[in-house]
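*Asks:* Chains A and B, in that order, are what the protein sequence lines are.
Terminal number for the first sequence in our numbering: 165, no gaps in between.
Terminal number for the second sequence in our numbering: 330, no gaps in between.
There are 2 protein chains.
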Amino acid sequence: MTDRRSPHGDAEDLIRATGERVTAARVQVLSMLLAAPRALTHREIEDGLDRTLRIDRVTVYRVLKWLTRQHLTHKISSDDRIWRYNAAPSEHDTHHAHFKCTACGEVICLQELSAEIRPRLPDGYSPEIMEVTIKGLCSECSPPSSGTPRTVRATTDSGKGTHER
Amino acid sequence: MTDRRSPHGDAEDLIRATGERVTAARVQVLSMLLAAPRALTHREIEDGLDRTLRIDRVTVYRVLKWLTRQHLTHKISSDDRIWRYNAAPSEHDTHHAHFKCTACGEVICLQELSAEIRPRLPDGYSPEIMEVTIKGLCSECSPPSSGTPRTVRATTDSGKGTHER
DNA sequence: CTGTTTCTGCAACTCAGTTGCATGGCGGCG
DNA sequence: CGCCGCCATGCAACTGAGTTGCAGAAACAG
Numbered sequence: 001m002t003d004r005r006s007p008h009g010d011a012e013d014l015i016r017a018t019g020e021r022v023t024a025a026r027v028q029v030l031s032m033l034l035a036a037p038r039a040l041t042h043r044e045i046e047d048g049l050d051r052t053l054r055i056d057r058v059t060v061y062r063v064l065k066w067l068t069r070q071h072l073t074h075k076i077s078s079d080d081r082i083w084r085y086n087a088a089p090s091e092h093d094t095h096h097a098h099f100k101c102t103a104c105g106e107v108i109c110l111q112e113l114s115a116e117i118r119p120r121l122p123d124g125y126s127p128e129i130m131e132v133t134i135k136g137l138c139s140e141c142s143p144p145s146s147g148t149p150r151t152v153r154a155t156t157d158s159g160k161g162t163h164e165r
Numbered sequence: 166m167t168d169r170r171s172p173h174g175d176a177e178d179l180i181r182a183t184g185e186r187v188t189a190a191r192v193q194v195l196s197m198l199l200a201a202p203r204a205l206t207h208r209e210i211e212d213g214l215d216r217t218l219r220i221d222r223v224t225v226y227r228v229l230k231w232l233t234r235q236h237l238t239h240k241i242s243s244d245d246r247i248w249r250y251n252a253a254p255s256e257h258d259t260h261h262a263h264f265k266c267t268a269c270g271e272v273i274c275l276q277e278l279s280a281e282i283r284p285r286l287p288d289g290y291s292p293e294i295m296e297v298t299i300k301g302l303c304s305e306c307s308p309p310s311s312g313t314p315r316t317v318r319a320t321t322d323s324g325k326g327t328h329e330r
């Protein structure tokens with residue numbers, strides 16, 4: 001079933017399976033997301049695209065929106081006001097968690113949560129989905145290793161738990 | 166200590182207690198946040214300010230950043246790329262939760278979580294804080310009542326769990 | 001290969017949030 | 001109680017993610 005004949009084979013199959021049009025932009029973006037070990041921003045995707053294809057940034061936005069509508073990817077919102085996209089791992093992820101590195105900004109998906117959390121809601125409020133984000137340091141940015149964290153993409157000073165100044 | 170002589174008394178005291186300057190803008194914004202039953206956006210704060218004071222939008226941004234640095238408020242990031250601010254309820258809220266209404270966009274703070282959630286992280290990843298957001302409908306927007314949800318501030322099509330089209 | 005439908009590229013726009021700079025006011029000190 | 005330094009404010013211009021409108025291009029059914 002999963003015969004990987006070309007790097008973009010999987011992506012193409014997934015897109016074709018939706019019954020909608022298979023276009024270069026869709027295949028490119030999806031296969032890039034499938035190959036990524038973490039969630040990617042629009043910017044990262046745009047920069048990583050094959051330049052010879054001349055794919056416009058607006059097209060990338062539209063492809064991402066389309067992929068999300070098709071449930072082939074999912075969109076992760078973060079405190080830096082930038083959306084990141086990940087090839088959808090599971091079907092209905094009612095409560096799956098994300099990890100965000102406060103140093104380099106990397107975002108990854110975590111597996112299903114073990115505990116059932118049920119914070120008490122005020123009367124009349126009805127919960128639908130729950131989103132959990134763990135913040136901390138990724139393996140690259142943790143102190144024990146080399147010392148200097150990588151790339152550090154300015155987090156727009158979104159300190160929340162950390163003391164800032 | 167907490168003598169509430171004027172509507173802005175509390176706010177003024179809290180600001181004075183930081184040892185830094187007490188200005189009209191800071192008092193106005195903080196007392197507005199203290200009085201609000203939910204988290205407010207920059208826009209809502211700006212619109213709600215006393216027009217006769219002629220407080221600039223940039224000042225509001227700076228005041229909010231300052232208040233957050235002083236731990237008098239805390240900043241909540243949401244999927245609509247707009248930050249909301251809430252007068253800080255507890256000191257170090259390592260894991261407190263938020264609720265966001267998917268219809269009107271209202272955001273409120275929830276109390277401490279009961280369960281200890283510890284999703285497994287990959288090797289080398291160190292967690293610091295956890296953020297939990299419950300999405301659903303607030304009491305105003307829940308079906309049982311009147312029928313028509315209130316204000317409905319366009320959520321920039323941020324469907325994530327919900328099927329969209 | 002032709003027609004229809006949908007995507008794409010381009011350009012211009014929106015909107016939250018930021019930055020630089022000159023002015024103004026808070027509050028410490030005399 | 002008035003002066004002065006430093007911090008906060010107003011103003012204007014900017015940034016950068018994401019959106020919209022429209023005309024031309026490409027996908028796919030027939």
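The beta carbon of each residue, even a glycine, is placed where N, CA and C say it ideally should be.
Identify, in the order they occur along the chain, each residue of the same chain with its Cβ nearer than 6 Å to the Cβ of A:His8, setting aside the five sequence neighbours on each side.
*Replies:* Indexing the first sequence from 1 puts residue 8 of chain A at position 8. Closer than 6 Å at the Cβ level, and outside the excluded window around A:His8, lie Val27 and Ser31.
*Asks:* I need the straight-line Cα distance from A:Lys135 to B:Glu185, nearest angstrom please.
*Replies:* Here the question's residue 135 of chain A lines up with position 135 in the first sequence. Here the question's residue 185 of chain B lines up with position 20 in the second sequence. Whole-angstrom Cα-Cα distance: 30 Å.
*Asks:* Give a yes or no on whether the minimum CB-CB distance between B:Ile299 and chain A is below 8 Å.
*Replies:* Sequence index remark: in the second sequence, residue 299 of chain B carries index 134 (1-based). Yes, B:Ile299 lies at the interface with chain A (some Cβ there is under 8 Å from its Cβ).
*Asks:* Do we get a CB-CB distance below 8 Å when we pair B:Ser196 with the residues of chain A?
*Replies:* Within the second sequence, residue 196 of chain B is the residue found at index 31, counting from 1. Judged by the 8 Å Cβ criterion, B:Ser196 is not in contact with chain A.
*Asks:* Consult DSSP for B:Leu205 and reduce its assignment to one of helix, strand or coil.
*Replies:* Start at 1 with the first residue of the second sequence, and residue 205 of chain B comes out as number 40. Looking at B:Leu205 - three-state DSSP - the assignment turns out to be strand.
*Asks:* Report back the beta-carbon spacing between B:Val187 and B:Ile210 to the nearest angstrom; my notes put them in contact at under 8 Å.
*Replies:* Numbered from 1 along the second sequence, position 22 holds the residue referred to as residue 187 of chain B. Numbered from 1 along the second sequence, position 45 holds the residue referred to as residue 210 of chain B. Actually they are not in contact, since the Cβ atoms of B:Val187 and B:Ile210 sit about 18 Å apart, beyond 8 Å.
*Asks:* Counting only beta-carbon atoms, is B:Glu209 nearer than 8 Å to chain A?
*Replies:* On the second sequence, residue 209 of chain B is found 44 positions in, with the first residue counted as 1. No, B:Glu209 does not count as interfacial toward chain A.
*Asks:* Alpha carbon to alpha carbon, how far is B:Ala252 from A:Cys109? Give it in angstroms, no decimals.
*Replies:* Here residue 109 of chain A refers to the residue found at position 109 of the first sequence. Here residue 252 of chain B refers to the residue found at position 87 of the second sequence. For A:Cys109 and B:Ala252, the distance between alpha carbons rounds to 31 Å.
*Asks:* Suppose you measure from the CA of B:Gln235 to the CA of A:Asp56; what does that come to, to the nearest Å?
*Replies:* Here the question's residue 235 of chain B lines up with position 70 in the second sequence. Here the question's residue 56 of chain A lines up with position 56 in the first sequence. About 43 Å.
*Asks:* Would a check of beta-carbon distances place B:Thr167 closer than 8 Å to chain A?
*Replies:* Translated into positions along the second sequence, residue 167 of chain B becomes position 2. Confidence at B:Thr167 is low in this model, with a pLDDT of 42, below 50, so the placement of that residue is unreliable and no value is reported for it.
*Asks:* Give the DSSP-derived three-state secondary structure of A:Arg129 in the structure shown.
*Replies:* As a first step, residue 129 of chain A must be located in the first sequence, where it is residue number 129. Arg is not the amino acid found at residue 129 of chain A; the sequence shown has Ile there. DSSP places A:Ile129 in strand when its eight states are reduced to three.
*Asks:* DSSP puts A:Tyr85 in a beta bridge; with which residues?
*Replies:* Looking up residue 85 of chain A in the first sequence gives position 85. In DSSP, A:Tyr85 forms a bridge with A:Leu40 and A:Lys75.
*Asks:* Sorted by chain position, which residues of the same chain lie with C-beta nearer than 8 Å to B:Thr238's C-beta, five sequence neighbours on each side aside?
*Replies:* One-based indexing of the second sequence puts residue 238 of chain B at position 73. Leu195, Leu198, Leu229, Leu232, Tyr250, Asn251, Ala252 and Ala253, listed in sequence order.
*Asks:* Can you name the residues of chain A whose CB is closer than 8 Å to the CB of B:Gln276?
*Replies:* Mapped onto the second sequence, residue 276 of chain B falls at position 111. Within 8 Å Cβ-Cβ: Pro119 and Arg120.
*Asks:* Grab the span of the alpha helix (DSSP H) containing A:Ala35 for me, first residue to last.
*Replies:* Locating residue 35 of chain A in the first sequence gives position 35, counting from the first residue. Its alpha helix (DSSP H) spans residues Ala24 to Ala35.
*Asks:* With distances taken Cα to Cα, identify the nearest neighbour of A:His98 among A:Arg54, A:Lys75, A:Leu121 and A:Val132.
*Replies:* On the first sequence, residue 98 of chain A is found 98 positions in, with the first residue counted as 1. Ranking the options by Cα distance to A:His98, first place goes to A:Val132.
*Asks:* Based on Cα-Cα distance, which residue from A:Thr52, A:Arg43 and A:Asp50 lies nearest to A:Val166?
*Replies:* The question about residue 166 of chain A has no answer here: the residues shown for chain A are numbered 1 through 165.
*Asks:* When Cβ atoms are compared, which residues of the stretch 214-227 of chain B fall closer than 7 Å to chain A?
*Replies:* For the stretch 214-227 of chain B, which is checked against every Cβ of chain A, not one residue is closer than 7 Å.
*Asks:* Does DSSP put B:Ala176 in a helix, in a strand, or in coil?
*Replies:* Sequence index remark: in the second sequence, residue 176 of chain B carries index 11 (1-based). It is helical.
*Asks:* Can you have a look at A:Asp50 and say buried or exposed, based on whether 16 or more other CB atoms are within 10 angstroms of its CB?
*Replies:* Counting from 1 along the first sequence, the entry for residue 50 of chain A is found at position 50. A:Asp50 should be labelled exposed.
*Asks:* In its own chain, which residues sit with a C-beta less than 7 Å from the C-beta of B:Pro292, not counting the 5 before and 5 after it?
*Replies:* One-based indexing of the second sequence puts residue 292 of chain B at position 127. Counting only Cβ-Cβ distances below 7 Å, and skipping sequence neighbours, we find Leu286.
*Asks:* Distance, Cα to Cα, A:Gly159 vs A:Ala17?
*Replies:* The sequence position of residue 159 of chain A within the first sequence is 159, counting from 1. The sequence position of residue 17 of chain A within the first sequence is 17, counting from 1. For A:Gly159, the pLDDT reaches just 37, beneath the cut-off of 50, and the residue's location in the model is therefore unreliable, although a value from the coordinates is still provided. Taking the straight line joining both Cα atoms gives about 43 Å.
*Asks:* Among A:Val107, A:Ser139, A:Met130 and A:Cys141, which one has its Cα closest to the Cα of A:Ala39?
*Replies:* One-based indexing of the first sequence puts residue 39 of chain A at position 39. Selected option, being the one with the closest Cα: A:Val107.
*Asks:* Could you list which residues in chain A have their beta carbon closer than 7 Å to that of B:Ala262, in chain order?
*Replies:* Position 97 of the second sequence holds residue 262 of chain B. Chain A residues near B:Ala262: Pro119.
*Asks:* Determine whether the Cβ of B:Arg246 lies closer than 8 Å to any Cβ atom of chain A.
*Replies:* Within the second sequence, numbered from 1, the residue matching residue 246 of chain B stands at position 81. At least one chain A Cβ lies under 8 Å of B:Arg246.
*Asks:* Is the shortest distance between the beta-carbon of B:Glu177 and the beta-carbons of chain A less than 8 Å?
*Replies:* Residue 177 of chain B sits at position 12 when you count from the first residue of the second sequence. False, the Cβ-Cβ gap to chain A never drops below 8 Å.
*Asks:* Please go through the same chain and pick out, in chain order, the residues whose beta-carbon is closer than 6 Å to the beta-carbon of A:Ala25, but skip the five residues on each side of it.
*Replies:* Here residue 25 of chain A refers to the residue found at position 25 of the first sequence. If we look at A:Ala25 and ignore the five residues flanking it on each side, its Cβ neighbours are Ile55, Thr59 and Val63.
*Asks:* Hey, is B:Glu296's beta-carbon within less than 8 Å of any beta-carbon in chain A?
*Replies:* Taking the first residue of the second sequence as 1, we reach residue 296 of chain B at position 131. Yes - at least one Cβ of chain A is within 8 Å of the one on B:Glu296.
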